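Visitor:
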Amino acid sequence: MIMYPDIKGRYGDFGGKFVPETLMEPLEELENAYREAAADPAFKEEYVHLLKEYSGRPTALTFAENLTKSIGGASIYLKREDLNHTGAHKINNAIGQALLAKRMGKNQLIAETGAGQHGVAAATVAAKFGMKCKVFMGAEDVERQQLNVFRMELLGAEVVPVHSGNKTLKDATNEAIRYWVQHCEDHFYMIGSVVGPHPYPMIVRDFQKVIGEESKKQFAERTGGLPDKVIACVGGGSNAIGMFHPFLHDDVELIGVEAAGKGIDTPLHAATITKGTSGVIHGSLTYLIQDEFGQIIEPYSISAGLDYPGVGPEHAHLADTGRVQYISATDQEALDALHRTAKEEGLLAAIESAHALAKAFIIAETMSPEQSILVCLSGRGDKDVHTLMKALKGEVDQDELLSVSSGSK
């Protein structure tokens with residue numbers, strides 16, 4: 001199998017650099033700096049040291065004994081990225097990019113965030129390395145993720161609410177890119193997922209591969225083999241590509257779970273591979289949800305971390321080649337899985353991760369007890385308590401959702 005990206009930053013037909021000329025030079029500067037750093041043993045040594053001493057890696061591989069018994073079928077294992085410092089896998093990439101920024105002599109970070117997990121991770125490493133940090137966040141997400149906004153501000157970051165468009169991650173990313181164009185000489189743009197122009201999808205994937213590499217080793221030590229299926233949620237797709245990549249050459253079925261929202265047959269979803277078509281978003285050619293005129297359709301998911309209208313270009317390629325299967329889970333399926341995991345295992349998963357759990361539970365029932373499933377628990381659900389309380393109280397009504405979908409909110 002060819003390892004991507006190619007010299008043009010493409011993953012098959014996807015990826016590349018679809019950006020204004022003013023961004024070509026900073027992107028080339030970034031790629032050159034990253035390739036030099038990746039080849040420097042001292043850089044890797046410092047990165048691994050911080051993952052261990054600061055973030056708390058390796059994270060645990062947990063056998064979900066109670067769920068396995070109650071569901072029946074395959075054994076279910078969880079890769080516990082929720083146990084990372086800051087509560088999610090996002091810190092893996094934030095540490096790596098902060099080290100890269102420091103190496104490039106840039107001490108001001110720009111970041112965008114949806115669920116707030118990447119924003120918190122960026123604010124955390126900025127504080128650790130003595131850097132200034134500005135985080136762009138959709139006004140809708142500021143409302144949904146108040147706890148994470150408070151955490152970012154407590155860490156010293158400036159949170160900039162974005163009121164354009166749907167007021168979510170897409171709009172925050174637009175604003176972050178606009179700001180970076182004007183300040184790229186002394187600012188480092190820390191992208192949080194495997195999206196955007198080359199080399200960002202490659203850089204974020206490489207910093208997140210630690211998830212799959214650890215999982216593979218831990219699973220072999222625990223069981224003497226590999227899992228039959230590996231499942232992860234997909235918004236932009238950083239936790240999923242980090243989990244999948246080390247398994248790409250193995251006889252393991254890989255499954256990504258997108259957000260079906262209120263259903264993929266309604267306008268209220270964020271299933272970009274399942275329902276999308278190819279197009280350019282945020283500097284990269286990939287699958288995105290768009291209308292017949294190429295205008296982006298505003299995504300919807302109860303999860304602030306999954307309602308992005310595009311997906312990482314490597315995921316688009318893996319879907320086209322058939323190496324990874326992409327399916328979707330609805331809001332309700334995710335909430336049911338979240339409740340079940342909390343009650344039966346004592347684990348409060350992020351709503352993003354609950355999408356992967358929902359499909360894992362259904363698939364496990366069809367498998368034999370000799371088989372196994374590994375699920376990436378990408379983050380913990382503390383940040384989602386406000387959203388869960390509103391959902392349980394029925395405060396998110398259909399009229400509100402439709403206004404989000406039409407972009408009128």
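When you line the sequence shown up against the UniProt record's numbering, it's residues 1 to 409, in that order.
All C-beta atoms, glycine included, are put in the ideal place defined by N, C-alpha and C.
Quick caveat, the model's predicted, so the values are computed rather than measured.
Mind checking residue 24: buried by the 16 CB within 10 Å criterion, or exposed?
Guide: Here the question's residue 24 lines up with position 24 in the sequence shown. Result: exposed.
Visitor: Using a threshold of 8 Å, state whether the C-beta atoms of residue 283 and residue 17 are closer than that.
Guide: For the purposes of this step, residue 283 is taken as the residue at position 283 of the sequence shown. For the purposes of this step, residue 17 is taken as the residue at position 17 of the sequence shown. It is a contact, given that the beta carbons lie within the stated cut-off.
Visitor: Since residue 15 and residue 313 should fall inside the 8 Å C-beta cutoff, what is the C-beta to C-beta distance between them, to a whole number of angstroms?
Guide: To locate residue 15, count along the sequence shown from 1; it is residue 15. To locate residue 313, count along the sequence shown from 1; it is residue 313. With 8 Å as the limit, residue 15 and residue 313 qualify as a contact, their Cβ atoms being about 4 Å apart.
Visitor: With 16 other CB atoms within 10 Å as the buried threshold, where does residue 134 fall?
Guide: Here the question's residue 134 lines up with position 134 in the sequence shown. Buried, by the Cβ-count rule.
Visitor: Use the C-beta contact count for residue 295: other C-beta atoms within 10 angstroms, 16 or more gives buried, fewer gives exposed.
Guide: On the sequence shown, residue 295 is found 295 positions in, with the first residue counted as 1. Exposed: under 16 other Cβ atoms inside 10 Å.
Visitor: Let's see if you can read the secondary structure: which residues bound the beta strand (DSSP E) around residue 247?
Guide: The count along the sequence shown starts at 1 and reaches residue 247 at position 247. Unbroken run through residue 247: none, as it is neither H nor E.
Visitor: Along the chain, which unbroken stretches of the alpha helix (DSSP H) at least 4 residues long are found entirely within the stretch 274-360?
Guide: 313-321, 331-345
Visitor: How about the stretch 231-243 and the stretch 262-269: do they share at least three Cβ pairs that are nearer than 8 Å?
Guide: no
Visitor: Going by DSSP in three states, residue 119 sits in which element: helix, strand or coil?
Guide: Here residue 119 refers to the residue found at position 119 of the sequence shown. Residue state, collapsed to three classes: helix.
Visitor: Can you tell me the Cβ-Cβ gap for residue 300 and residue 258, rounded? I've got them flagged as a contact below 8 Å.
Guide: Here the question's residue 300 lines up with position 300 in the sequence shown. Here the question's residue 258 lines up with position 258 in the sequence shown. That belief does not hold up - the Cβ atoms of residue 300 and residue 258 are roughly 12 Å apart, past 8 Å.
Visitor: Any idea what DSSP makes of residue 18, helix, strand or coil?
Guide: Taking the first residue of the sequence shown as position 1, residue 18 is located at position 18. Coil at residue 18, not helix or strand.
Visitor: Could you check the C-alpha separation between residue 311 and residue 171 for me, to the nearest Å?
Guide: Within the sequence shown, numbered from 1, the residue matching residue 311 stands at position 311. Within the sequence shown, numbered from 1, the residue matching residue 171 stands at position 171. Rounded to the nearest angstrom, the two C-alpha atoms are 15 Å apart.
Visitor: Tell me, which residues are paired with residue 161 by DSSP?
Guide: Here residue 161 is taken as the residue at index 161 of the sequence shown, counted from 1. BP columns for residue 161 point to 137.
Visitor: According to DSSP, which residues form a beta bridge with residue 62?
Guide: By one-based count along the sequence shown, residue 62 stands at place 62. 78, per the DSSP bridge assignment.
Visitor: In terms of residue numbering, what span does the beta strand (DSSP E) encompassing residue 108 cover?
Guide: Locating residue 108 in the sequence shown gives position 108, where the first residue counts as 1. Unbroken beta strand (DSSP E) run through residue 108: 108-113.
Visitor: Closer than 7 Å by C-beta to residue 139: which residues in its own chain qualify, once you throw out the five before and the five after it? Chain order, please.
Guide: Reading the sequence shown from its first residue, position 139 is the one you call residue 139. Around residue 139, the same chain offers 161, 162, 163, 167 as residues with beta carbons nearer than 7 Å, after the five sequence neighbours per side are excluded.
Visitor: Whose CA, out of 141, 180, 131, lies closest to the CA of residue 165?
Guide: As a position in the sequence shown, residue 165 is number 165, starting the count at 1. The shortest C-alpha separation from residue 165 is found at 141.
Visitor: Given residue 358, which residues of its chain have a CB within under 6 Å of its CB, disregarding the five upstream and five downstream residues?
Guide: Stepping through the sequence shown from its first residue, residue 358 is reached at position 358. So the qualifying residues of the chain are 329, 333, 334, 337.
Visitor: Can you tell me which of the three DSSP states residue 389 falls into?
Guide: By 1-based counting over the sequence shown, the position of residue 389 is 389. In the structure shown, residue 389 sits in a helix (DSSP, three-state: H, G or I).
Visitor: Return the chain-ordered list of same chain residues with a C-beta closer than 7 Å to the C-beta of residue 68, the five sequence neighbours on each side being excluded.
Guide: Translated into the one-based positions of the sequence shown, residue 68 becomes position 68. Cβ neighbours of residue 68 beyond the five flanking positions: 75, 76.
Visitor: Going by DSSP, name the residue or residues bridged to residue 190.
Guide: Counted from its first residue, the sequence shown places residue 190 at position 190. Residue 190 is bridged to 111.
Visitor: Report back the beta-carbon spacing between residue 356 and residue 233 to the nearest angstrom; my notes put them in contact at under 8 Å.
Guide: Against the sequence shown, residue 356 aligns to sequence position 356. Against the sequence shown, residue 233 aligns to sequence position 233. Contact between residue 356 and residue 233 holds: CB atoms are separated by about 4 Å, below the 8 Å threshold.
Visitor: In three-state DSSP terms, what is residue 57?
Guide: In the sequence shown, the residue the question calls residue 57 occupies position 57. Three-state DSSP puts residue 57 in coil, outside helix and strand.
Visitor: Less than 6 Å between C-beta atoms, sequence neighbours within five positions excluded: which residues of the same chain meet that for residue 200?
Guide: In the sequence shown, the residue the question calls residue 200 occupies position 200. Taken in chain order, the residues that qualify are 191.
Visitor: Roughly how far, in whole angstroms, is the beta-carbon of residue 176 from the beta-carbon of residue 111, given that I think they are within contact range, below 8 Å?
Guide: As a position in the sequence shown, residue 176 is number 176, starting the count at 1. As a position in the sequence shown, residue 111 is number 111, starting the count at 1. Contact holds; Cβ gap of about 7 Å.
Visitor: Ordered along the chain, which non-local residues of its own chain (more than five positions away) have a Cβ less than 6 Å from that of residue 184?
Guide: Working through the sequence shown from its first residue, we reach residue 184 at position 184. Taken in chain order, the residues that qualify are 26.
Visitor: Spatial neighbours of residue 376 within its chain, please: C-beta separation below 6 Å, excluding the five flanking residues on both sides.
Guide: Taking the sequence shown and counting its residues from 1, one reaches residue 376 at position 376. Counting only Cβ-Cβ distances below 6 Å, and skipping sequence neighbours, we find 79, 232, 239, 243.
Visitor: If you follow the beta strand (DSSP E) that residue 375 is in, where does it begin and where does it stop?
Guide: Working through the sequence shown from its first residue, we reach residue 375 at position 375. Residue 375 -> beta strand (DSSP E) spans 372-377.
Visitor: When DSSP builds the beta bridges, which residues end up paired with residue 95?
Guide: Indexing the sequence shown from 1 puts residue 95 at position 95. Paired residues: none, contrary to the question.
Visitor: Can you list, in chain order, the residues of its chain whose CB lies under 6 Å from that of residue 97, leaving out five sequence neighbours each side?
Guide: Position 97 of the sequence shown, counting from 1, holds the residue named residue 97. The residues are 190.
Visitor: If residue 280 sits next to residue 20, beta carbons under 8 Å apart, how far is it from one beta carbon to the other, in whole angstroms?
Guide: As a first step, residue 280 must be located in the sequence shown, where it is residue number 280. As a first step, residue 20 must be located in the sequence shown, where it is residue number 20. In fact, because the Cβ distance is near 12 Å, the residues do not count as touching under 8 Å.
Visitor: So what does DSSP say about residue 268, is it helix, strand or coil?
Guide: Here residue 268 refers to the residue found at position 268 when the sequence shown is read from its first residue. For residue 268, the secondary structure class from DSSP, reduced to helix, strand or coil, is coil.
Visitor: Would you mind reading off the limits of the alpha helix (DSSP H) that contains residue 229?
Guide: Here residue 229 refers to the residue found at position 229 of the sequence shown. Under the DSSP assignment, residue 229 falls outside any alpha helix (DSSP H), being part of the beta strand (DSSP E) whose first and last residues are 229-233.
Visitor: Put residue 258 into one of helix, strand or coil per three-state DSSP.
Guide: As a working note, residue 258 is residue 258 in the sequence shown. Residue 258: strand per DSSP, three-state reduction.
Visitor: On the DSSP bridge assignment, give the partners of residue 35 in chain order.
Guide: In the sequence shown, counting from the first residue as 1, residue 35 sits at position 35. None, per the DSSP bridge assignment.
Visitor: Could you tell me the alpha carbon to alpha carbon distance between residue 393 and residue 386, rounded to whole angstroms?
Guide: Here the question's residue 393 lines up with position 393 in the sequence shown. Here the question's residue 386 lines up with position 386 in the sequence shown. Distance between the alpha carbons of residue 393 and residue 386 is about 11 Å.
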